[in-house]
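Residue numbers (the numbering used here): 1 to 118.
Even glycine gets a Cβ: it sits at the ideal position worked out from N, Cα and C.
Keep in mind the model is a prediction, meaning the values are calculated, not measured.
Taking it in order: structure first as structure tokens, then the write-up.
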């Protein structure tokens, strides 16, 4: 278990250091060991998003939103992932949901930006 925790921390460090591709490799193996760990899954989705592996990010974010629809950050990131894939109609409901749950300025800005393209 300590090895898994150490690898998780290493993956986060790579992400924070600006290397999302290496972070994703590490976090993917951690998720294999801890498939029910939402925190690891979210970091992995963020790494995939940051490295433009958008289909992979979408898969993990949909899993997170399905498990916990009240996770405003997962909803927002799923919306942003869909937006980056040129799927604004699909993105907008998730972005609106995130903005309704939390008054984060980036959330409302994303809603305005995407709503203007639909």
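Item: Between the CA atoms of residue 12 and residue 18 - distance to the nearest angstrom; Value: 10 Å
Item: Residues near residue 42 by beta carbon distance below 7 Å, same chain, minus five either side; Value: 64, 74
Item: Residue 33 versus residue 20: straight-line alpha-carbon distance, rounded; Value: 20 Å
Item: Assigned exposure category for residue 23 - 16 Cβ within 10 Å defines buried; Value: buried
Item: Buried or exposed by the 16-neighbour rule on C-beta atoms within 10 Å, applied to residue 79; Value: buried
Item: 4 or more residues per run - each alpha helix (DSSP H) lying fully within the segment 17 to 70; Value: 20 to 33, 38 to 50, 54 to 67
Item: Residue 87 versus residue 76: straight-line alpha-carbon distance, rounded; Value: 14 Å
Item: Same chain, Cβ closer than 6 Å to residue 110, neighbours up to 5 away in sequence not counted; Value: 95
Item: Burial state of residue 81 (16 or more Cβ within 10 Å); Value: buried
Item: Per-residue DSSP class, three states only, for residue 111; Value: helix
Item: Span of the alpha helix (DSSP H) around residue 79; Value: 72 to 84
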